[in-house]
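Below: one structure, written as structure tokens.
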Amino acid sequence: MPSALVLIANGTEEMEFVITYDTLVRAGISCTSALVNDIPDSIPTPSPVAKCSRGVKIIADKDLVDVEDPNAFDALIIPGGAKGADTLSQNKKVQGLIRSYIEKDKVVGMICAGEQML
Numbered sequence: 006m007p008s009a010l011v012l013i014a015n016g017t018e019e020m021e022f023v024i025t026y027d028t029l030v031r032a033g034i035s036c037t038s039a040l041v042n043d044i045p046d047s048i049p050t051p052s053p054v055a056k057c058s059r060g061v062k063i064i065a066d067k068d069l070v071d072v073e074d075p076n077a078f079d080a081l082i083i084p085g086g087a088k089g090a091d092t093l094s095q096n097k098k099v100q101g102l103i104r105s106y107i108e109k110d111k112v113v114g115m116i117c118a119g120e121q122m123l
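Residues in the sequence shown are numbered consecutively from 6, following the numbering used here.
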């Protein structure tokens, strides 16, 4: 079964995360959501919760630092939301993941402000 790693951070746009995640699952793609903390190299929280751009709180499956092998997925999905995209773009692990996926010719989906990673 194909798989996707879907990133989320505080300030991510709720609809861009939820609708994408839901659509992928309905298409038969196994999804794992991973929280990227605002503070680089922070200790993972027991419950990885992102407060999205409109105040909705979403519990991610894991903190990104707890994802055993983030390169093992078939696709990397980066939703937008200005503050969330800013957090993701400043995270060195996320930048490395994007490079790795592109170099391996894997799918990298960037939605709206998510493309500021480039």
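Ideal placement from N, C-alpha and C gives every residue a C-beta, glycine not left out.
Owing to the predicted nature of the structure, the values given are computational and were not obtained by experimental measurement.
- Inter-segment contact for the stretch 15 to 26 and the stretch 78 to 87 is present: three or more beta-carbon pairs are separated by less than 8 Å.
- Per DSSP, reduced to three states, the secondary structure at residue 111 is coil, with no helix or strand assignment.
- Linking residue 79 to residue 35 through their CA atoms gives a straight-line distance of about 10 Å.
- Following the DSSP letters along the chain, one finds residue 38 inside the beta strand (DSSP E) bounded by residues 35 to 40.
- With contacts defined by Cβ atoms closer than 8 Å, residue 90 and residue 55 do not form a contacting pair.
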